[in-house]
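Engineer: Sequential numbering of the sequence shown, starting at 910, is according to our numbering.
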Amino acid sequence: MKIIQMKTNHVINPLGYMMTEPVLSYKVACAEGKKQTSARIQVALDQEMKELVYDSGDTKEIDSISYRVPMELKPCTRYYWTVTVNTDAGETMQSGTAWFETGKMQEGWSGKWISSDLNVGTHPFFFKDFKLRGKVKKARLYICGLGLYEAYINGKKISEECLTPYYNNYDTWLQYQTYDVTELLAGEKIHLEVLLGNGWYKGRFGLNNPTNADRGLYGDTFTLISELKIEYMDGSTELVLSDESWKAKKSKLLASTIYDGEVYDETFREDMEYPVRLYEKKMARLCERLSLPIKVQESIKPIKLITSPKGEAILDLGQNHSGWFSLRVKEPKGTQVKLYFGEELQDGCFYNTNLRTAKAEYTYISDGTEQTIRPHFTFYGYRYVMLEGFTNFSPEDYTALVLYSDLEDAGHFETDNPLVNRLILNAKWGQKSNFLDVPTDCPQRDERLGWTGDAQVFAATACFNMDSYAFYKKYLYDMYEEQKIRDGAVPDVIPACGQQGTSTVWGDAATIIPWVVYQFYGDKTILEEQYDSMKAWVEYIRKTNGGDWQWRKKFHYGDWLALDSKDPDSPIGATDTGYIATVYYYYSTLLVSKAAGILGRTEDERNYGERARELLAEIHKEYFSPTGRPCVTTQTGLITALKFDVAVDRQRILDDLVMAFKLNGNKLETGFVGTPLLCNVLSENGLNEIAYSLLVNEDYPGWLYAVKLGATTIWERWNSLDPEGHFSSTGMNSLNHYSYGSIVEWMYRHVAGINPVLSKPGFREVELAPKPDHRLKRAEVSFDSPIGVYKSKWEITPDFGLSLDITVPFGGKAYLTLPYAPEELYQQKDNEIFKEIEKTEAGRRCILESGTYHIEYATTAPMRKIYTLKLSIGELMASDKAKAVLMEVNPMFTRIPKDMQKASLYDLLKYMPVPLTKEVLAQIDGKLQAII
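As structure tokens, then:
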């Protein structure tokens, strides 16, 4: 038995994070017992746990997922904590020691904001030289530099973090970071220097910021504030503060922007020191950090060096990603080399026109010495690098450095289909590429913004892929900061960076993301922190719609980039945007009511519940006939009606949905609204076969179309590249846009079958209902939930039955529905799976506690493709054995035109000159069904 993943506020050993009360969590592994019976948490000021400041005592009240410690925290203080767990098997285990350390909290700043005249044409170092008074016991650096900063002590970078102090609305709040620099303060003389760059604050950034902008969105001056707190062994203390005693100097970094890249001149030499001054402009409030560290998480070596038809030297990294590079340069003095970054080649040549105005370059001027270089204050989204000006280069000199926020992996999913496996990887790489402090839409072009719609539709997939609680906590904090100055409106992008618009589905991120995070992590703190934001959003809609319940008075993106648009030049799909807006208004109102209930706000729960019922009645009045016929009959319209349970007659909607897919050849035509809901709704409503058809479709439009064309991330459009590999558009065409990667959520929830029980959030209990299909022979998932690791594996056996392997973690419980299980299977008593069985309206299910389980059985229907007369001609003709059966009936079937092959053989046979008898039809059907 061991206790692992001890976290405070969902971060391991957080240093200087914003917190009022600590919320502790941990997991138990390798225990003989099934569950925790009691626990004891202790918090102390020392690692030996002698100076206790909190002791829960042994109690049954401690929840391993979320335990709030009722204690008042002091600034600049490290707290240590342990937990002792008792299990139902009589085991007792005490954990190791974890810690959290507060920042300055309410403590005022003695350091001052400083600036200099070095704001254009260079990136300055601000520096301070001083001497230590003795041996250092402890030292902390509290620091914020704008736009971005890197801090060094005696030439050594103080941390592995990149792009600090990260990205938020710098006009409303600023984050400072806290670093333990004790080990760096060695020797007597100390040189503390901070390199400053433009970043999101000062450089060109945002959709409304032109290429020749002299001023950034938030400011035009490099500024710095810092406090170095030193505690000596003799008990004395010293403060080294940012003030007028600091100096400034020019660096070799001449230019940088997020979009355009950097220029670094190794030949630059200047020893001149410049004065700094106090920065008099009023700054936003300075707060402890919420941002997770952005770090170099992985590295990639080139897979080949290409010489293009144009003679270009191009490195292929083999994987589209976001980040930096490390490059060894060995060029003569004065040689200028350039790197250009792009996502895809065109006709074998370098291409980055789809980046629009973003130059995405790196320029380096050599001083004749061998150097290993990297960027500082930019990042690139790319797979290919074009090299220019090199005379002495080897692919071994180059290493791609993958940057993303410090999120732990949570899910691993694998099937027998390599294309599906690549799709799953593409979704995760899309998340990695775009989770740099803010969930961006894309990491490469002149955008890279925190679009709320993308973040909302991908939230569940993100949480299955990686532990995303702390990441979304910061994003949602940013969101409410923007709402406060917009009367509750949620701007399309967070931080808003000059964008003022709002839209349904996009703005509903304010209610949906907190709800998803609560479901996944079971910590109602996220609802407490975001409740005012959730309310503000639905109140904004109420005030905007004028009381007529139809939210049509604002522009809405609708089913963005859907394929059913009536206007070929419009990116907005055919689904009525007012319908989408009103349905999401209803859903957001319902979520506010649910959140209010969880938080004990009974009046709000009642009021918003009543408003939701009124909205539902208006939806029925406006968008459905009295008999239940829907007015909005697009795929997305029908899916939305089912997902949010607004249909008057669900069966009618289901029938219409089946027909809509049949008429479209079982192909999707959904966009940003419909696609994330699509397969979940199909599987939840008994249409699993259509969902699998959509998954495994390799043609356009479909997920595997991109995979077949070599995609290593998710595309923005279904047809970002045409079948020949050419860009279909350059105006808005990212190849690293994770939204459609939301299909992975469906894989976890329905292919593997893992769903949290809503009344027991955080996967304390799960509905485990795998839905296999013969088009995958195997699916295997491991998901490290807040309670521990769930595993679900199914495999089709050689005799077309099923083999299942299930793991339930310590403290967890699973309600297992065995797919296609015959009734007699439940009579087995020698398998632990059947130890406890309950009957539900949907059938029987097995209740499983912590442990591992295995079963093989013959299913009620063989797990293979069943050929019948009801299949389309095209499907039958694709099988040699089915084709032979058809040839026996009539050789003319081989000559049926392709445009008629969507029809079923059953329908076609009705129109034969001499109709076949029922007996003959049954005989043909029997031969088809016998095919193995």
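Even glycine gets a Cβ: it sits at the ideal position worked out from N, Cα and C. Given the structure is predicted, the values throughout are model-derived calculations rather than measurements.
Rounded to whole angstroms, what is the Cα-Cα separation between Thr996 and Glu1750?
Structural biologist: Within the sequence shown, numbered from 1, the residue matching residue 996 stands at position 87. Within the sequence shown, numbered from 1, the residue matching residue 1750 stands at position 841. If you take the alpha carbons of Thr996 and Glu1750, they lie about 34 Å apart.
Engineer: Would you mind working out which of Gly1611, Trp1109, Ile1562 sits nearest Pro1404, comparing C-alpha positions?
Structural biologist: Here residue 1404 is taken as the residue at index 495 of the sequence shown, counted from 1. Checked all of Gly1611, Trp1109, Ile1562; the closest Cα to Pro1404 is Trp1109.
Engineer: With DSSP run on the structure shown, which of helix, strand or coil describes Met927?
Structural biologist: Position 18 of the sequence shown, counted from the first residue, corresponds to residue 927. Of the three classes helix, strand and coil, the one that applies to Met927 here is coil, per DSSP.
Engineer: Count the other C-beta atoms from every protein chain shown that fall within 10 angstroms of the C-beta of Cys1540, then say buried if there are 16 or more, exposed otherwise.
Structural biologist: The residue labelled residue 1540 in the question sits at position 631 within the sequence shown. Counting Cβ neighbours within 10 Å, Cys1540 comes out exposed, since fewer than 16 surround it.
Engineer: Which runs of the alpha helix (DSSP H), 4 residues or longer, sit entirely within the segment 1547–1628?
Structural biologist: 1559–1572, 1583–1593, 1597–1605, 1612–1617
Engineer: Would you identify the three-state DSSP class for Gln1439, choosing helix, strand or coil?
Structural biologist: For this step, residue 1439 is matched to residue 530 along the sequence shown. Helix.
Engineer: From this set, Tyr926, Glu1598, Cys1406, which residue's C-alpha is nearest Lys1576's C-alpha?
Structural biologist: Taking the first residue of the sequence shown as position 1, residue 1576 is located at position 667. Closest by alpha carbon: Glu1598.
Engineer: Go to Gln1340, then tell me how far its alpha helix (DSSP H) extends in each direction, as first and last residue.
Structural biologist: Position 431 of the sequence shown, counted from the start, is the residue given in the question as residue 1340. Gln1340 -> alpha helix (DSSP H) spans 1327–1343.
Engineer: With a threshold of 16 other CB atoms inside 10 Å of the CB of Ser965, please say whether the residue is buried or exposed.
Structural biologist: Counting from 1 along the sequence shown, the entry for residue 965 is found at position 56. With 16 or more other Cβ atoms within 10 Å, it is buried.
Engineer: Are at least three pairs of beta-carbons, each pair with one atom in the segment 1296–1303 and one in the segment 1179–1190, less than 8 Å apart?
Structural biologist: Put simply, the segment 1296–1303 does not touch the segment 1179–1190. Fewer than three CB pairs are less than 8 Å apart.
Engineer: Could you pull the start and end residues of the alpha helix (DSSP H) that Arg1522 belongs to?
Structural biologist: Translated into the one-based positions of the sequence shown, residue 1522 becomes position 613. Element bounds for Arg1522: 1511–1532.
Engineer: Taking 6 Å as the limit between beta carbons, can you name the residues of its chain near Arg1461, skipping five residues before and five after?
Structural biologist: The sequence position of residue 1461 within the sequence shown is 552, counting from 1. Only Gly1487 meet the Cβ criterion.
Engineer: For Ser1759, count neighbouring Cβ atoms within 10 angstroms of its own Cβ and tell me buried if that reaches 16, exposed if not.
Structural biologist: Translated into positions along the sequence shown, residue 1759 becomes position 850. Ser1759 is buried by the Cβ-count criterion.
Engineer: Just the Cα atoms here: how many angstroms apart are Lys1213 and Gln1228?
Structural biologist: Against the sequence shown, residue 1213 aligns to sequence position 304. Against the sequence shown, residue 1228 aligns to sequence position 319. As the crow flies, the alpha-carbon of Lys1213 is around 12 Å from that of Gln1228.
Engineer: Could you have a look at Asp1038 and say whether DSSP puts it in helix, strand or coil?
Structural biologist: Locating residue 1038 in the sequence shown gives position 129, counting from the first residue. Note: Asp1038 maps to strand in three-state DSSP.
Engineer: Since Tyr1293 and Phe1344 should fall inside the 8 Å C-beta cutoff, what is the C-beta to C-beta distance between them, to a whole number of angstroms?
Structural biologist: By 1-based counting over the sequence shown, the position of residue 1293 is 384. By 1-based counting over the sequence shown, the position of residue 1344 is 435. Taking C-beta atoms under 8 Å as the contact rule, Tyr1293 and Phe1344 fail to qualify, at a distance of about 22 Å.
Engineer: Determine contact between the segment 1656–1670 and the segment 1279–1292, defined as no fewer than three beta-carbon pairs at a distance below 8 Å.
Structural biologist: The count of Cβ pairs closer than 8 Å, one atom from the segment 1656–1670 and one from the segment 1279–1292, stays below three, leaving the stretches out of contact.
Engineer: What residue does the beta strand (DSSP E) around Tyr935 start on, and which one ends it?
Structural biologist: Here residue 935 is taken as the residue at index 26 of the sequence shown, counted from 1. For Tyr935, the uninterrupted beta strand (DSSP E) run begins and ends at 932–938, by DSSP.
Engineer: Could you check the C-alpha separation between Arg1113 and Ala1267 for me, to the nearest Å?
Structural biologist: Counted from its first residue, the sequence shown places residue 1113 at position 204. Counted from its first residue, the sequence shown places residue 1267 at position 358. Near 10 Å, if we compare the C-alpha coordinates of Ala1267 and Arg1113.
Engineer: Can you list, in chain order, the residues of its chain whose CB lies under 6 Å from that of Lys1475, leaving out five sequence neighbours each side?
Structural biologist: Here residue 1475 refers to the residue found at position 566 of the sequence shown. Once the five neighbours on either side are set aside, the close Cβ partners of Lys1475 are Ala1483.
Engineer: Ignore the nearest five residues each way along the sequence and tell me which others in Ala1193's own chain have a CB closer than 7 Å to its CB.
Structural biologist: Taking the sequence shown and counting its residues from 1, the one referred to as residue 1193 is at position 284. Result list for Ala1193: Tyr1079, Asp1080, Thr1081, Trp1082, Leu1083, in chain order.
Engineer: Between which two residues does the alpha helix (DSSP H) carrying Ile1223 extend?
Structural biologist: As a first step, residue 1223 must be located in the sequence shown, where it is residue number 314. Looking at the DSSP string, Ile1223 is not in any alpha helix (DSSP H); the run it does join, the beta strand (DSSP E), is 1222–1238.
Engineer: Starting from Thr1826, follow the alpha helix (DSSP H) in both directions and report where the run begins and ends.
Structural biologist: Working through the sequence shown from its first residue, we reach residue 1826 at position 917. Under the DSSP assignment, Thr1826 falls outside any alpha helix (DSSP H); it carries neither an H nor an E label.
Engineer: In terms of DSSP beta bridges, what is Cys1053 paired with?
Structural biologist: In the sequence shown, the residue the question calls residue 1053 occupies position 144. According to DSSP, which records beta bridges pairwise, Cys1053 is partnered with Ile1134.
Engineer: Beta strand (DSSP E) containing Asn1118: first to last residue?
Structural biologist: Position 209 of the sequence shown, counted from the first residue, corresponds to residue 1118. From DSSP, Asn1118 is part of no beta strand (DSSP E); its letter is neither H nor E.
Engineer: From Ser1068 to Phe1234, what does the alpha carbon distance come to, in whole angstroms?
Structural biologist: If you number the sequence shown from 1, residue 1068 lands on position 159. If you number the sequence shown from 1, residue 1234 lands on position 325. If you take the alpha carbons of Ser1068 and Phe1234, they lie about 18 Å apart.
Engineer: What residues are listed by DSSP as bridge partners for Phe1636?
Structural biologist: One-based indexing of the sequence shown puts residue 1636 at position 727. Bridge partners of Phe1636: Leu1630.
Engineer: Grab me the residues of Thr946's own chain with a C-beta within less than 8 Å of its C-beta, minus the 5 sequence neighbours each way, in chain order.
Structural biologist: Within the sequence shown, the letter at position 37 stands for residue 946. Same-chain partners within the cutoff: Lys969, Asn995, Thr996, Asp997.
Engineer: Out of Leu1508, Val1029, Phe1429, Ala1569, state which residue places its alpha-carbon closest to the alpha-carbon of Leu1105.
Structural biologist: Within the sequence shown, residue 1105 is the residue found at index 196, counting from 1. Of all alpha-carbon atoms in Leu1508, Val1029, Phe1429, Ala1569, the one lying nearest the alpha-carbon of Leu1105 is that of Val1029.
Engineer: DSSP on Thr1262, reduced to helix/strand/coil?
Structural biologist: The count along the sequence shown starts at 1 and reaches residue 1262 at position 353. It is helical.
Engineer: Helix, strand or coil for Pro984? Go by DSSP, reduced to three states.
Structural biologist: Residue numbering aside, residue 984 sits at position 75 when the sequence shown is read from its first letter. Reduced to three states, the DSSP call for Pro984 is coil.
Engineer: Please work out which residues of its chain come closer than 8 Å, Cβ to Cβ, to Leu1563, disregarding the five sequence neighbours upstream and downstream, and give them in chain order.
Structural biologist: Here residue 1563 refers to the residue found at position 654 when the sequence shown is read from its first residue. Closer than 8 Å at the Cβ level, and outside the excluded window around Leu1563, lie Leu1551, Asn1594, Gly1595, Leu1596.
Engineer: Thinking just about the alpha-carbon of each residue, which of Ser1479, Met927, Leu1472, Ala1490 is nearest to the one in Lys1463?
Structural biologist: For the purposes of this step, residue 1463 is identified with residue 554 of the sequence shown, where counting begins at 1. Considering only alpha carbons, the answer is Ala1490.
Engineer: Grab me the residues of Ser1025's own chain with a C-beta within less than 8 Å of its C-beta, minus the 5 sequence neighbours each way, in chain order.
Structural biologist: Reading the sequence shown from its first residue, position 116 is the one you call residue 1025. Excluding sequence neighbours, Ser1025 sits near Pro1033, Phe1035, Phe1131, Ala1157, Tyr1183, Pro1184, Val1185, Arg1186.
Engineer: Count the other C-beta atoms from every protein chain shown that fall within 10 angstroms of the C-beta of Glu1070, then say buried if there are 16 or more, exposed otherwise.
Structural biologist: One-based indexing of the sequence shown puts residue 1070 at position 161. Classification of Glu1070: buried, given that the 10 Å Cβ count is 16 or more.
Engineer: Work out the CA separation of Lys1811 and Lys1571 for me, nearest whole Å.
Structural biologist: As a working note, residue 1571 is residue 662 in the sequence shown. As a working note, residue 1811 is residue 902 in the sequence shown. Going from the Cα of Lys1571 to the Cα of Lys1811 covers about 9 Å.
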